[in-house]
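S.K.: Attaching a single structure in structure tokens format; questions to follow.
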Amino acid sequence: MPILYKANLLCNFNCLYCYQHTIRPEDQIIDHDAVEKTIRRLWEEGGGKGEDGKLKLNEDGIYCGPKVILHGGEPTTLPRDIFEKNLKLAYELTGVSGIQTNGYLIDNEFIELFKKYKTSVCISIDGSWPLNEFRGVGTSKERKKQTLKILRNMDLLQEAGINVSVIAVIHKANATGDRKEMMMEWIKSLDRRKISGRLNICVSGNPKLDLTVKEATEFYTEMFDYMMLNAIRGWSPYRDIIASLRREREVVCIFRECDPYCTKAAVSVMCDGSTGVCLKIHHDGKRYIRHSKYSSIRSKILLETDCKDCKWWEHCYGGCSGTAIDFDWRNKDRFCPVYKTLFVKLSKIGFIFNIDKQTKGRSGRAQQRSSPPKEGDYQDHYDEFEHLDGDHRYLDSDQKWLRTKGK
Ligand code: SF4
Ligand code: SF4
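Per the numbering used here, residue 25 is the first one in the sequence shown, and the count goes up by one each step.
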């Protein structure tokens, strides 16, 4: 389970759809010692240490314990010495480090730190201008300048040989009308530079920002067709849907079981050193205290209600708790029809992706399951993080991490 450093919830941006608005403090005091102690404890409890007391490596000599990722808020707004201390801690514990950032403040000094601590950098950006207009702070002119600077910083990172990935949130400003084509071209330009990432759907609850289900279905299916035509690979949610249909382990958390009180995909470390759940859950403005025991309660409810008899259950698990209908985790994800369309579409051309015929019908695990899941079921999906977008999710850089040798 990835450890997300969420001690700093402050941010230099004011993105219109940010799911942290409801919990962002005016000011905050970070107890750095308590935070570090918690990160070390979680790393050890999560099996980061091998029997020899060093990093836990798999048979290929690759670190296979929990990763530590600097999230936020915006991690680059921390004082530089504290920022380096955190990155160094992640590196010492895992041999690599990672950051989710809006990318605006990145400069040569940050780049040197990223090189030193083998940092994978995931940038939250929703496209070139004006596709990115919901992100940033200030007037439209100021947001445009910020977007151009972030794009330049992405160039600098790549020139420095740093792993870069992207989380783009999909909304009215980059997935409707003429903008749709612009977005496709931007994704293609990233692909040609070997950058991939996630296309996370916007779930602010504001109809001026969020796509309707119809708009989202059109965007995601057209984008998939465009990617197929242009040989663009590696983008989520498609790669996760394919992986789920192929019953592989590396599947983003929105297509795995999620306990909103004990999110397996992420444990957040807060400013006082306490642990929290995935912050996407906080969209409803409520505080969620992390429970120590994992429960399958959401799955049990959905199997009796919204998702009863759905043939895609064992590839979807009701979607994300944080984007459930009415922000109530007992409901299925409000974009269920989008997922269903994609599961149907991708399974029909499954032979291209080596998807077993069984996944197309009711003959898979969904049919085998006649009773609700037990506690601890569904362990077969990859327990990595979600790059909780630019919101979350993350990290496509984790694929690169898997190839990164530990110390
Ligand atoms: S596709 Fe819809 S109904 Fe089926 S499991 Fe997913 S959220 Fe539930
Ligand atoms: S992003 Fe959604 S599915 Fe993933 S851990 Fe957070 S709430 Fe759960």
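Using N, Cα and C, we set each Cβ at its ideal position, and we do this for glycine too.
Are the beta-carbon atoms belonging to residue 221 and residue 184 less than 8 Å from one another?
M.R.: no
S.K.: At which residues does the beta strand (DSSP E) containing residue 94 begin and terminate?
M.R.: 92–94
S.K.: Report all residues for which the CB-ligand distance to some heavy atom of ligand 1 is below 7 Å; order them along the chain.
M.R.: 326, 330, 331, 334, 336, 337, 340, 341, 342, 343, 356, 357, 360, 363, 364 and 367
S.K.: Alpha carbon to alpha carbon, how far is residue 43 from residue 228?
M.R.: 7 Å
S.K.: Report the three-state DSSP secondary structure of residue 221 (helix, strand or coil).
M.R.: strand
S.K.: Are there three or more Cβ pairs, one per stretch, closer than 8 Å when the segment 49–64 is compared with the segment 315–328?
M.R.: Cβ pair count under 8 Å is below three, so no.
S.K.: Pull up the DSSP beta-bridge partners for residue 73, would you.
M.R.: 79.
S.K.: Is the segment 115–122 in contact with the segment 71–87, if contact means three or more CB pairs nearer than 8 Å?
M.R.: yes
S.K.: Excluding the five sequence neighbours on either side, which residues of its own chain have a C-beta within less than 6 Å of the C-beta of residue 171, listed in chain order?
M.R.: Result list for residue 171: 153 and 156, in chain order.
S.K.: So, with DSSP's three-state summary, where would you put residue 115?
M.R.: helix
S.K.: Between which two residues does the beta strand (DSSP E) holding residue 193 run?
M.R.: 188–194
S.K.: Rounded to whole angstroms, what is the Cα-Cα separation between residue 137 and residue 295?
M.R.: 23 Å
S.K.: Which one of 244, 232, 213 and 234 has the shortest CA to CA distance from residue 178?
M.R.: 213
S.K.: Considering only residues of the same chain and omitting the five flanking positions on each side of residue 208, which have a CB-CB separation below 7 Å?
M.R.: 247 and 250
S.K.: Per DSSP, residue 146 forms a beta bridge with which residues?
M.R.: 124 and 189
S.K.: Do residue 26 and ligand 2 come close, with the Cβ less than 7 Å from some heavy atom?
M.R.: no
S.K.: With distances taken from CA atoms, which of 46, 124, 98 and 173 is nearest residue 131?
M.R.: For the residues 46, 124, 98 and 173, the minimum Cα distance to residue 131 belongs to 173.
S.K.: Excluding the five sequence neighbours on either side, which residues of its own chain have a C-beta within less than 8 Å of the C-beta of residue 237, listed in chain order?
M.R.: 358, 359, 361 and 362
S.K.: Confirm, please, whether the CB-CB distance from residue 290 to residue 99 is below 8 Å.
M.R.: Cβ atoms of residue 99 and residue 290: not closer than 8 Å.
S.K.: Just the Cα atoms here: how many angstroms apart are residue 35 and residue 144?
M.R.: 20 Å
S.K.: List the DSSP bridge partners of residue 299.
M.R.: 293
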